[in-house]
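In the UniProt record's numbering, the protein residues as written are 1 to 598. Some notes on the structure that comes next.
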């Protein structure tokens, strides 16, 4: 059997080669020799005995040289792994032992396992209290505490072990309040402007309270810096030396003349309090302890204000919600907690300060269409009613789009037909791949709502290989309406590669009485003649004929100036021919009119 504590074995008895056993019993086979320590040996579930002479754990039926132990020498379990020692203190590590006599001291040693090294120290033992000789306890610069292993050996055999925590008071507390808040067992004291182990301080510093020793607290920041006159604003105060306990600051935080009730406290660094009502601006005032000797006032002033909602935009949205509603007024960018109700429907506050004194919220879903004339704005304890109008309209329904083809770079005008399209202020169009985790395969393009039945959208730029032409499901972002994001393949857009034009090899000579001919590929797959804009300089060349591989346009009779379509002057004394189709812009080259037409 391998060195395991025990193993369960199933034993069956068969009679005369029968297939079925007469009896089956599960036996537990144990191995006392798997225990290496006296404590684990005697506390096991099996009848094991500890032979100290050979440092072996044996079963009761096995012979033990010498006398078998009934009790194990060990560190008192109530303090095991709770041993602490201050860094650079020359402090002895002391532990209460059990089941050991003072006469055994010559056979005992302590061994510290520290950063891969074994540091052995002599011991003293008196009334079963074992003390390990000190050594220079050190640790890395950034740590405030570090744990190492301590082994107690008898005749060079480990009889018990415990973790020891080395700590540095100075790194555990950088200010007086934090130093006083540490557990008294650390024996950290504030003296000479630092948190130190008590042996380094005078006796007077050790017995004095924080109210006497600590310096003045400092308020660095507080948020928010204003709130309604009705109060209820939760103010977060951050600073240094702001107190070592909740009792030290409770009832001692004020905003101007108004009390601020402490809700949360982080020792020395943070106070969260809820201010009562007030009318005057004032500083945050903090007074610590019973004597009030320690106090602080913020440099910035807190302002009590009167929030007033005055208007909202937009004044409508779909039943599905998701409309970004902005409420305008005065002193709305204030307080710590803001909520908005449209009738009885909550509007989730997104953020403040998009514009001066405004609040933006996201409307929730409504179960019926209707006009609501009461919008409630609650900021902390301030409740104000905006007598405006917000209308929940029926969700938009999209029936079809036209045309159903576009080119990859996008920019083609697409008409969207349906019902209730004007229930949203803004809409966007995109195409998606329902078979991929990354569903959107295009940018989102803008749409303009004309009325309840017509919306015009610019076809989006599609992220596909240039050689790919295929149909893609169309989707729309219309506030929180989900039904316009998936049409089950009913509404699709056929996306083709961008049209390609042949560039001029040199300056093109043009006879004004003739049409200008431009060559290319896929010119008419997803565009009409009216959608092309051809410029010669700033002069437009009207498309007369469009075919798959060429188009013809009628240019002005007189050669335009040497510019591009925006009037930017170019070198070369000849106008530039530019083709624009949606988001596509091609520079084909320069054109020169015959001499008689310049």
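We put the CB at the ideal spot given by N, CA and C, even for glycine. All values derive from a computational prediction rather than experimental measurement.
Beta-bridge partners of residue i, as assigned by DSSP
i           : result
residue 239 : 219
residue 413 : 458
residue 536 : 539, 577
residue 127 : DSSP, once it has assigned bridges, lists no residue as partnering residue 127.
residue 84  : 165
residue 500 : 521
residue 478 : BP columns for residue 478 are empty, so no partner.
residue 464 : In DSSP, residue 464 forms no bridge with anything.
residue 150 : 112, 162
residue 24  : 12
residue 418 : 398
residue 75  : 97
Outcome for residue i when other beta-carbon atoms lying within 10 angstroms are tallied against a minimum of 16
i           : result
residue 35  : buried
residue 141 : exposed
residue 338 : buried
residue 202 : exposed
residue 478 : buried
residue 168 : buried
residue 129 : exposed
residue 15  : exposed
residue 60  : exposed
residue 300 : exposed
residue 350 : exposed
residue 523 : buried
residue 1   : Low confidence applies to residue 1: its pLDDT is 35, below 50, so where it sits in the model is not reliable enough to give any reading.
residue 3   : Here residue 3 scores only 45 on pLDDT, less than 50, and its place in the model should not be relied on; the value that follows carries that caveat. It counts as exposed.
residue 355 : exposed
residue 530 : exposed
residue 20  : exposed
residue 501 : buried
residue 450 : exposed
residue 410 : buried
residue 223 : exposed
residue 143 : exposed
residue 233 : buried
residue 29  : exposed
residue 595 : exposed
residue 285 : buried
residue 199 : exposed
DSSP state of residue i mapped onto helix, strand, coil
i           : result
residue 110 : strand
residue 171 : helix
residue 402 : strand
residue 4   : Legend: pLDDT at residue 4 = 49, less than 50; position of this residue unreliable, value from coordinates given subsequently. In the structure shown, residue 4 sits in coil (DSSP, three-state: anything other than H, G, I, E or B).
residue 597 : The predicted position of residue 597 is uncertain, since its pLDDT is 49 and thus under 50; no value can be drawn from it.
residue 396 : coil
residue 104 : helix
residue 523 : coil
residue 203 : helix
residue 160 : strand
residue 117 : strand
residue 531 : helix
residue 445 : strand
residue 553 : strand
residue 213 : helix
residue 12  : strand
residue 546 : strand
residue 196 : strand
residue 453 : coil
residue 134 : coil
residue 473 : strand
residue 590 : strand
residue 180 : helix
Subject >> the region 227-241 / the region 334-344 touching (three or more Cβ pairs under 8 Å) >> reply: Yes, they touch.
**OP:** Could you pull out every unbroken beta strand (DSSP E) segment of at least 3 residues lying fully inside the UniProt domain "IPT/TIG" (306-393), listed in chain order?
**Re:** Fully contained in the UniProt domain "IPT/TIG" (306-393) are the following beta strand (DSSP E) runs of length 3 or more, in chain order: 308-313, 316-318, 324-330, 338-342, 345-352, 358-363, 370-372, 375-379, 382-386, 390-393.
Original post:
Any chance the region 248-262 sits against the region 399-407, with 3 or more Cβ pairs inside 8 Å?
Top reply: Counting Cβ pairs under 8 Å, fewer than three are found: no touch.
Original post:
Can you find at least 3 beta carbon pairs, one from the region 187-198 and one from the region 242-249, that sit closer than 8 Å?
Top reply: Segments in contact, no.
**OP:** Spell out a yes or no on whether the region 557-567 and the region 476-494 are touching, meaning 3 or more CB-CB pairs, one atom from each, closer than 8 Å.
**Re:** Proximity of the region 557-567 to the region 476-494 falls short of the contact definition, fewer than three beta-carbon pairs being nearer than 8 Å.
Original post:
Are three or more beta carbon pairs between the region 63-71 and the region 102-117 nearer than 8 Å?
Top reply: At 8 Å Cβ cutoff, the stretches do not touch.
Original post:
Could you give the uninterrupted runs of the beta strand (DSSP E) lying entirely in the UniProt domain "IPT/TIG" (216-305), keeping only those of 3 residues or more?
Top reply: Fully enclosed beta strand (DSSP E) runs of 3 or longer: 218-223, 226-228, 234-240, 253-255, 258-266, 270-275, 282-288, 294-305.
Original post:
Counting only runs that start and end within the UniProt domain "PSI" (31-73), where is the alpha helix (DSSP H) found for 4 or more residues in a row?
Top reply: Residue ranges of uninterrupted alpha helix (DSSP H) with 4 or more members, entirely inside the UniProt domain "PSI" (31-73) and ordered along the chain, are 38-42.
Subject >> Three or more C-beta pairs below 8 Å linking the region 501-511 and the region 588-595 >> reply: The count of Cβ pairs closer than 8 Å, one atom from the region 501-511 and one from the region 588-595, reaches three, so the stretches are in contact.
**OP:** Please confirm if the region 446-465 is in contact with the region 420-433, defined as three or more CB-CB distances below 8 Å between the two stretches.
**Re:** Output reads yes: the region 420-433 touches the region 446-465.
Subject >> Cβ contact (3+ pairs, closer than 8 Å) linking the region 198-216 and the region 298-318 >> reply: The region 198-216 is not in contact with the region 298-318.
Original post:
Just checking, does the region 321-329 make contact with the region 355-365 on the three C-beta pairs under 8 Å criterion?
Top reply: With a cut-off of 8 Å, the region 355-365 and the region 321-329 count as touching, because enough Cβ pairs lie within range.
**OP:** Report yes or no: do three or more beta-carbon pairs, one from the region 132-140 and one from the region 156-163, lie closer than 8 Å?
**Re:** Not touching, per the Cβ criterion.
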